[in-house]
Structures are given as structure tokens and as C-alpha cells.
Amino acid sequence: GAGVSQSPSNKVTEKGKDVELRCDPISGHTALYWYRQSLGQGLEFLIYFQGNSAPDKSGLPSDRFSAERTGGSVSTLTIQRTQQEDSAVYLCASSSRQGTEAFFGQGTRLTVV
Amino acid sequence: AQSVTQLGSHVSVSEGALVLLRCNYSSSVPPYLFWYVQYPNQGLQLLLKYTSAATLVKGINGFEAEFKKSETSFHLTKPSAHMSDAAEYFCAVRTDSNYQLIWGAGTKLIIKP
Chain A
56 GAGVSQSPSN KVTEKGKDVE LRCDPISGHT ALYWYRQSLG QGLEFLIYFQ
106 GNSAPDKSGL PSDRFSAERT GGSVSTLTIQ RTQQEDSAVY LCASSSRQGT
156 EAFFGQGTRL TVV
Chain B
242 AQSVTQLGSH VSVSEGALVL LRCNYSSSVP PYLFWYVQYP NQGLQLLLKY
292 TSAATLVKGI NGFEAEFKKS ETSFHLTKPS AHMSDAAEYF CAVRTDSNYQ
342 LIWGAGTKLI IKP
């Protein structure tokens, strides 16, 4: 696609429910990153994919968080049994092997009520 | 290990004054360096990048940054601040051997009328 696409753009969920956040990277980009940005905070790294594998998943805050990437393209971030502290904007970015900068999506704003 | 330090979580300047946002990095190999900007309620947008060509890099909206290897710095400057520059600015580093992006904590730029 022309840019990194994230869906949904907004998600309100009840505490304890599971949510899935989707990221469609730029076509051909091999690297994909998930970040979390809480209100007024900086970027919190969650996980990084190179192709379908995740060399670094050290940022996932708990075992309720998981992510996968299939076909070297679309990635899904899943949060199980959501808690109020999970409320944040979840940002996805992708970059190419040849290129250097990362391109960001507009994010998914998750609100857990 | 790479790291990025942005000095000052908030910087306040008067409209028309010089903007200086500081970024220092640590990297054992030649880095790629980036500045991104995030306007309120928006995703991150690349301002400029250093990729081992010219050490003085010009970006969008009148911003520029100078790579100084001896000081391990990549400070962002703009000669004259505009109200529309109010945003959060993030510095990041990446090396050729690792697609992982390492981010600074961000600096919120406040423009006083």
C-alpha cells in the first residue's frame, strides 16, 4: 500500500475482553515495529519483526500481549484480558531492507473501560 | 549497545527565537540518525535523517541537524520558531547491522507568543 495502515483507528473495550490490533505495512517492507504511547509519554517499544520472525520481543509488557506476522506482511497485536492500564495509542511502523527510515501508521487508540 | 538521550523533556521558546533540541547517541558503529515530529493527535512524521553523507542535514519546515561524531550529537535546530512548530520531537538511531530503532524519550517543544 501507499502507507502503513492500522485498524481500527479507535477501539473501546471492556476490561477483561481480548482485542486485536492490525497493521498493514508498506508493501515490500521487511521490518515491522509495534510501539505503545500512553498519554503524554514517549514511545514504548513492544516488539520488532524481521520478516515473520521476531528477533526482539523484549518490550511486551506481560504475557497478555502477543504479536504475529504472517507472509512477511500483515501483523496482529493481541492483548488478552485487557486492563485499564493498557489504554494507550498503539503505533505500528515499517522499514525496508534497503531504506533506512521507519514509516508510521496513524495508530490505534485503545480505551479500556 | 546503542542508546539515545534527549536533553530536556520540555523546551519553551518564543515565537521567532532559535529552536535547539538536543540529541546525543551512543553507537559503536556508524549510525543512521533520525528526527521525527509528532503533532497533537497525529502519528510520527520524519523530519530529517543522517545516513553518512553530508553532516549537515536539512529537513522539512526549515529544520536542520548537524551530525558531530566527536560529540556523538545530532542536535536539531531552526533559526526562527513558528507557532506551528509546537509538537513533540523524537530522535532515533539505527545501525546497518540491526534494523532495530532506538528512540529518545522525546522533547515537547512549546512556542510562546
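Line order of the protein sequences matches chains A and B. This note's numbering applies: residue 56 is where the first sequence begins, and numbers increase by one. This note's numbering applies: residue 242 is where the second sequence begins, and numbers increase by one. All C-beta atoms in this analysis are idealised placements derived from N, C-alpha and C, irrespective of residue type, glycine included.
Check: 7 Å CB neighbourhood of Ser-267/B in its chain, flanking five on each side removed; Outcome: Gln-243, Ser-244, Thr-313
Check: Environment of Leu-342/B [buried if 16+ CB atoms lie within 10 Å]; Outcome: buried
Check: The region 130-140 of chain A touching the region 65-77 of chain A, judged by at least three CB pairs closer than 8 Å; Outcome: yes
Check: Residues near Arg-124/A by beta carbon distance below 7 Å, same chain, minus five either side; Outcome: Leu-87, Phe-104, Asn-107, Ser-130
Check: Counted within 10 angstroms of its Cβ, other Cβ atoms place Gln-279/B as buried (16 or more) or exposed; Outcome: buried
Check: Chain B within 8 Å of Ala-57/A, Cβ atoms only; Outcome: no
Check: Span separating the alpha-carbon of Ser-151/A from that of Phe-275/B; Outcome: 15 Å
Check: Alpha-carbon spacing of Thr-292/B relative to Pro-110/A, whole angstroms; Outcome: 24 Å
Check: Whole-Å CB distance - Phe-304/B paired with Leu-289/B, under 8 Å assumed; Outcome: 6 Å
Check: Cβ-Cβ distance between Val-334/B and Pro-271/B below 8 Å; Outcome: no
Check: Assigned exposure category for Gln-247/B - 16 Cβ within 10 Å defines buried; Outcome: buried
Check: Pick from Gly-114/A, Ser-64/A, Ala-157/A that is closest to Pro-80/A, judged by C-alpha positions; Outcome: Ala-157/A
Check: Pairwise C-alpha distance: Val-254/B and Met-324/B; Outcome: 10 Å
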